[in-house]
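Heads up: the sequence shown begins at 413 in this note's numbering, then just goes up one per residue.
For each residue, glycine too, the CB sits at the ideal point set by N, CA and C.
Below: the structure, in C-alpha cells.
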Amino acid sequence: MIAKINNFEIDLSKPIDISIPLTNTDENPIAWYIEKPSIEPVVFGDWIGKVSEGKSSTNFNNIFFNPHGHGTHTECLGHITNDFYSINQSLKQFFFFAKLITVEPEKIGEDFVITKEQVQKALSASPDSYRDRLSVTKLEAIIIRTLPNQKEKKSRKYSNTNPPYLSEDAAIFIRESEIQHLLIDLPSVDREHDEGKLLAHKAFWNVKDTHNLNPDARFNATITEMIYVSDEIEDGNYILNLQIASFENDASPSKPILYKI
C-alpha cells in the first residue's frame, strides 16, 4: 500500500521496526539497576489465567515493567519536571520527516561522548538525489545509531557500565535545529552518573528550572531511548511513525517505525 506524506511516497507494507521488544527473559535489555520485567498469569486460588494450565479459557497476564529501564520508550519533559506532564498529552502527531545518522562516540576522559560536531557533520550529509527536494522539507526527527553497533544492544545490561551519551552542546544544536523528536540507541541521552544534572535532557527540552518551567520549554518535544537500528538500515531520510501506548505517565513503551522514502 502506497501512501503520500508531505509529497513523499512511502510503502506502508514495508515497515522498518527499530524498537526492542519487551520480554520476561534474560534477553531483555536492562538499565537503571532494576530486575527484568515480569509477565505472569493472574492467580485466584487454584485458578491460573493460562490456557496451557488447563483451568482457564484465556491467557490473562499481569505485566510489571519500567518504561525507562526495560526497553524502547518515549518520554516527554515530564520526565524531569516537578509538575506532572504526560507523554500521552504531549505527543499528538505520529508521522514525522526524519533522518538516520550513524556516529562513533568520541573518547573524552573516561567517557564516550556524541559531540555537536559529529551530529552537525552527519546531518549535513544527504544523498545527491535527495538534496534539492529535501532542502525545503523541515527535519522533524533525528535518529542516532552509535558505533560499535553490536546486536547485543538488544539484550545488554547497562547498569554501572557508563554507556556513551550526548553532549550538552549536541543537544542544544539539535534543539536549535528545531528538531522535535530525538531517538537514540542508548539507555539515556545523559551520563549514567551525572549527579542529577541531566544536561542533555534539559538542553533538548529547553528546561531552565525543573520546578518553574519557562514558557519556551518544549512541551511537544520527545526523546526516545533504547532503540536498535540494524546495520542493514542505511543512513538517510525516512518517514518516522512514532507509536506509543496511551499511558498518562512521563514515558511510555514505544514502537518507532521507519518507512523508506
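Pair within 9 Å by beta-carbon distance, residue 414 and residue 634: Contact: no.
Through-space distance from residue 468 to residue 593, alpha-carbon basis: Near 43 Å, if we compare the C-alpha coordinates of residue 468 and residue 593.
Delimiting residues of the alpha helix (DSSP H) encompassing residue 528: Looking at the DSSP string, the run of the alpha helix (DSSP H) that includes residue 528 is 528–536.
Rounded separation between residue 564 and residue 549 - CA only: Per the coordinates, the alpha-carbon of residue 564 lies some 35 Å from the alpha-carbon of residue 549.
CB contact flag (residue 612, residue 644, <9 Å): No; because the gap between Cβ atoms is not below 9 Å, this pair is not in contact.
Identity of the residues DSSP links to residue 422 by a beta bridge: Paired residue(s): 415.
Sufficient close CB pairs (3 or more, under 8 Å) joining the segment 644–655 to the segment 566–577: Contact between the segment 644–655 and the segment 566–577 is absent: fewer than 3 CB-CB pairs across the two stretches fall below 8 Å.
Three-pair Cβ contact test at 8 Å for the segment 618–629 versus the segment 485–505: The count of Cβ pairs closer than 8 Å, one atom from the segment 618–629 and one from the segment 485–505, reaches three, so the stretches are in contact.
Cβ shell of residue 475 (< 6 Å), same chain only, five flanking positions each side left out: Here the set comprises 451.
N- and C-terminal bounds of the alpha helix (DSSP H) containing residue 655: The continuous stretches of alpha helix (DSSP H) do not include residue 655, which lies in the beta strand (DSSP E) extending over residues 648–656.
Cβ distance (whole Å) where residue 607 is taken to contact residue 575 below 8 Å: The Cβ separation is near 17 Å, so there is no contact.
Neighbourhood of residue 632 by C-beta distance below 7 Å, restricted to the same chain and skipping five residues each side: Cβ within range, chain order: 502 and 592.
Residue environment, residue 515, which counts as buried when at least 16 other CB atoms sit within 10 Å: Residue 515 is buried by the Cβ-count criterion.
From 627, 649 and 582, residue whose alpha carbon lies closest to that of residue 616: Nearest C-alpha to residue 616: 582.
Expected contact under 8 Å - CB spacing of residue 449 and residue 671 to nearest Å: 29 Å between Cβ atoms; not a contact.
Nearest candidate by alpha-carbon position, reference residue 479, set 423, 556, 642 and 432: If you compare the alpha carbons of 423, 556, 642 and 432 with that of residue 479, the shortest gap goes to 432.
9 Å Cβ cutoff met for residue 561 and residue 597: In contact: residue 561 and residue 597 (Cβ atoms closer than 9 Å).
Contacts around residue 552, its chain only, beta-carbon distance under 7 Å, and the 5 residues preceding and following it disregarded: Result list for residue 552: 508, 509, 510, 591, 592 and 593, in chain order.
Secondary structure of residue 485, DSSP reduced to three states: Look at residue 485 here: in three-state DSSP terms it is strand.
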